[in-house]
Amino acid sequence: MPEVSDEAAAAVGGRRATPTAAPTAAPKAKTPSRVRMSAAQRREQLIATGRQLFAERGFDATSIEEVAARAKVSKPVVYEHFGGKEGLYAVVVDREVRALLDRITTALTAGHPRELLEQAALALLTYIEEETSGFRVLVRESPLMSGTATFSSVMNDVAHQVEHILGAEYKSRGYDPKLAELYSQALVGMVALTGRWWLEVRKPRKETVAAHLVNLAWNGLSHLEAKPTLITARRS
């Protein structure tokens with residue numbers, strides 16, 4: 001019978017022992033394989049990741065490395081789908097622009113101008129409430145020379161829709177329809193800026209905010225002067 005080594009003896013308290021078969025290693029647990037995404041699924045994942053990062057940090061402070069790390073992919077995967085950070089940003093912004101315009105356009109179903117104002121204001125506030133990250137992306141400054149739409153351009157599109165409504169209403173009341181563009185920009189700007197404020201405070205409820213916005217706008221519109229002048233100009 002072969003001698004047990006000194007090391008083996010020490011392991012059993014210095015006593016000699018007959019050799020035993022080495023214990024069989026327990027089978028390793030199988031690591032669950034990562035589900036492989038299709039190209040379309042990976043693209044959607046990267047868009048969602050970029051949307052969140054751009055909302056949190058803005059365009060300049062977000063890097064491709066961060067997008068890749070959060071999506072758990074390599075940087076070349078991001079470049080393969082979008083060509084770079086600018087390409088990803090452009091896709092994210094374009095989607096948000098279309099989503100917001102669709103909401104507002106779909107909401108404008110009433111026949112009375114005041115109801116249309118209510119619907120437009122509430123549609124914007126609902127978008128802010130439900131798509132907060134998307135709204136944050138839109139209201140942040142776009143990168144220079146990006147060519148992407150901005151929140152200002154979105155609101156300008158909405159103003160053009162309101163302009164057609166106001167133009168018809170002005171004409172029926174004997175006002176100059178050419179002023180509809182000016183008033184539509186003022187109304188939409190008022191709602192948009194209030195929406196940016198409400199994004200942070202979330203008080204009062206969106207229905208209350210919409211009601212007060214329309215109250216200010218409508219009661220002002222319903223008592224318009226045909227040819228307003230500044231008080232200071234009247235005194236001179």
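With the first letter of the sequence shown counted as 1, position 171 gets the number 171 in this note's numbering; the numbers rise by one all the way through. By construction, the Cβ of each residue, glycine as well, lies at the ideal position given by its N, Cα and C atoms. Note that this is a predicted model, so its numbers are computed, not measured.
- Only exposed fits G84, as fewer than 16 other CB atoms lie within 10 angstroms of its CB.
- Considering only R36, A192, A39, S63, the residue with the shortest C-alpha distance to L100 is A192.
- DSSP, read as helix, strand or coil, puts G84 in coil.
- By the beta-carbon neighbour count (other beta carbons within 10 angstroms, threshold 16), R205 is exposed.
- Taking a 10 Å sphere around the C-beta of A39, we find fewer than 16 other C-beta atoms and assign the residue as exposed.
- In this chain, the alpha helix (DSSP H) harbouring H164 covers 151 to 173.
- Within the same chain, V92, S133, G134, V137 come within 7 Å of R51 by CB-CB distance, once the 5 residues on both sides are set aside.
- Nearest to H81 by alpha-carbon distance, out of H112, G111, R42, is R42.
- By alpha-carbon distance to L124, the top candidate from G87, E96, P113 is E96.
- Here L182 is exposed, its C-beta having fewer than 16 other C-beta atoms within 10 Å.
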